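Numbering (my numbering), first residue to last: 1048 to 1339. Beta carbons: idealized from backbone N, C-alpha and C, even for Gly. On a predicted model such as this, the values are computed, not experimentally measured, just so you know.
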């Protein structure tokens, strides 16, 4: 027993008035291990509670788990510093020294961390949301971490986007408030076609399509948008929901094929660019030179 006590009181090193012994180091490590265990148990408890409460969304559970984890580890770090004998005046001294480093090289890390906290509290970006970034990137949010957010693109690529980009840049969240989205599919027909026939035929086919929503306020519709260089221009407006919102390429493909089949069945010509060339005559003929 005396050997154990002696080992725990063994002084590891001393700097000025500060000393660190084995007991302090072991206690600090135990606090960190306990924090990790408590964090895992709390996450499991939240997940179990979410299964019983059907109204709780997966994104809410994720946000609560993240915030609880940050809180647990913050408390654990403060306890660890206290057990190591690091008082608040020493922490202020260290923070003052780190502020220089933050000003030069760590400001991006701090900015991304704070942006991640803001995202979790505001709930404007959640796990499972389908987003479009300012550069046109489309993908589903898989995780919101301390420094960056993990997005899986339509090509199954994993992209890590700094959290600060979601705060400072425009982000189009397709599924923030609901799982509905409107698509506009543009097409054209040759001049000479009956526009009323085109609108009626395409609308009827779109309303029978299995992907389009049939709600009274979200019925498919066709509008004429203008007179193009080689065509009468139209736009088919349809609403989709659920997983189809996350597959815009498939939505465009299905309805373009539908429009093609409808116009072909109706005998309506799909135009291609045409140019009329007018050759002006009346140029003075070049007189032949006399042979030398």
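Given residue 1203 as reference, the closest of 1079, 1196, 1185 once Cα atoms are compared: 1185
Residue environment, residue 1113, which counts as buried when at least 16 other CB atoms sit within 10 Å: buried
For residue 1282: DSSP bridge partner residues: 1233, 1270
Residue 1238 (DSSP reduced to helix, strand or coil): coil
Residue 1177 (DSSP reduced to helix, strand or coil): strand
Status (buried if at least 16 other CB within 10 Å, exposed otherwise) for residue 1177: buried
Segment contact flag, the region 1296-1305 with the region 1251-1261, C-beta cutoff 8 Å, min 3 pairs: yes
Residue 1291 vs residue 1249 beta-carbon contact at 8 Å: no
Residue 1099, buried or exposed, once every other Cβ within 10 Å from all chains shown has been counted against 16: exposed
Inter-residue Cα distance where the pair is residue 1119 and residue 1086: 7 Å
Alpha helix (DSSP H) segments (min. 4 residues) lying fully within the region 1207-1232: 1210-1215
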